[in-house]
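Contents: one structure, followed by commentary.
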Amino acid sequence: MRYHCLHIETGFTEDWQADVFAQSLCDLGVDTIDDVSAPDDTPAMACYIPSELWHANCREIGVLCQRTDGVRLLSATECPDENWNAVWESEHPMQELPMGIRIVPHCAFGAGHHETTSMMIAGLMNAEMTGKRVLDHGTGTGVLAIFAKRLGAEKVVAVDIDEKSVQNAQENAVLNGETIDVRLGSTPPKEPFDLIVANIHRNILLANMPAYADCLTNGGELWLSGFYEEDCTALQAAAEESGMHLIDRHENGDWRMLMLRKE
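Quick note: to get our numbering, add 3 to the position in the sequence shown (first position is 1).
Put into structure tokens, the structure is as follows:
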């Protein structure tokens with residue numbers, strides 16, 4: 004696959020600004036971001052995007068850079084033709100997690116050690132999963148789905164919009180000997196769930212809030228993560244409008260997790 008490398012100069016004052024900008028780039032097709040700042044030099048990042056997506060989204064990426072304070076797109080150059088998946092995987096080996104769970108991240112998010120993922124895993128390990136029907140929306144590597152199944156969930160459905168993530172989640176399920184129903188899609192399937200976990204961008208969470216409520220059984224829970232403190236008010240308000248109320252919240256560094264219940 005052909006890739007383009009975007010060399011972007013940055014000047015963020017807060018870590019959360021860099022995270023939000025990086026997530027916006029990923030939403031437009033960037034799948035790898037490397038810090039290429041030189042010592043005592045202006046911070047910069049090298050962002051790798053499939054050339055097809057660069058040609059499709061170059062205008063939007065340019066506008067994003069222009070409208071983000073402290074950001075300047077310096078160059079966009081085509082990379083030599085290499086097996087980038089193989090390069091990425093060689094730099095991201097298998098992750099060993101609690102309960103004997105092993106995750107090979109490939110190019111998908113969620114190897115288990117990011118703050119948002121670790122909060123979700125802790126929640127699963129402290130909850131009663133036996134017999135529950137669970138949806139992992141935006142599954143990435145499938146790590147949360149695998150934990151839910153290992154902890155006794157009766158049925159686990161994992162959904163992701165990215166074909167590579169779907170394949171990665173399927174492979175990790177097989178690796179761990181767990182049966183997970185992994186599907187390609189952008190919205191929650193229209194079937195009942197006792198628990199929905201969604202560790203994705205706040206805008207996706209907001210857009211899908213009514214669908215989450217429709218899928219949840221009465222008394223079912225929705226766990227959300229992948230956002231910051233300033234996002235909590237809007238997410239909680241959207242949940243309340245859809246008939247779900249806050250029962251608990253957690254924080255890990257700058258990241259937040261909300262746990263809601265449908266009455």
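Yeah, the Cβ is synthetic: ideal placement off N, Cα and C, and Gly gets one too.
In this structure, residue 81 sits near residue 7, with a CB-CB distance shorter than 7 angstroms. Nearest to residue 14 by alpha-carbon distance, out of 167, 59, 66 and 71, is 71. Of the residues 148, 154 and 247, the one whose Cα lies closest to the Cα of residue 202 is 148.
When rounded, the separation of the alpha-carbon atoms in residue 217 and residue 242 is 12 angstroms. DSSP places residue 228 within a strand segment (E or B) once states are collapsed to three.
Of the residues assessed, residue 129 falls on the exposed side of the cut-off, its CB having fewer than 16 other CB atoms within 10 angstroms. For residue 158, the enclosing beta strand (DSSP E) stretches over residues 158 to 163.
Counting C-beta pairs closer than 8 angstroms gives fewer than three between the region 172 to 190 and the region 233 to 248, which falls short of the contact rule. Counting along the chain, the unbroken beta strand (DSSP E) around residue 78 starts and ends at 75 to 81. For the set 117, 198 and 119, the Cα lying nearest the Cα of residue 156 is the one of 198. Out of 194, 17 and 9, the CA that lies nearest to the CA of residue 257 is found in 17. When DSSP states are grouped into helix, strand and coil, residue 127 belongs to the helix group. A distance of 7 angstroms or more separates the beta carbons of residue 264 and residue 230. Residue 153 counts as buried, since at least 16 other C-beta atoms from the protein chains shown sit within 10 angstroms of its C-beta. Rounded to whole angstroms, the gap between the alpha carbons of residue 212 and residue 224 is 12 angstroms. DSSP places residue 116 in the coil class of the three-state scheme, outside both helix and strand. Ranking 78, 219 and 262 by CA distance to the CA of residue 227 puts 262 first. Looking at 37, 52 and 102, the one whose alpha-carbon comes closest to that of residue 5 is 52.
Contiguous alpha helix (DSSP H) elements confined to the region 163 to 243 occur at 166 to 178 and 205 to 218, taking only those with 4 or more residues. DSSP lists 51 and 80 as the bridge partner or partners of residue 8.
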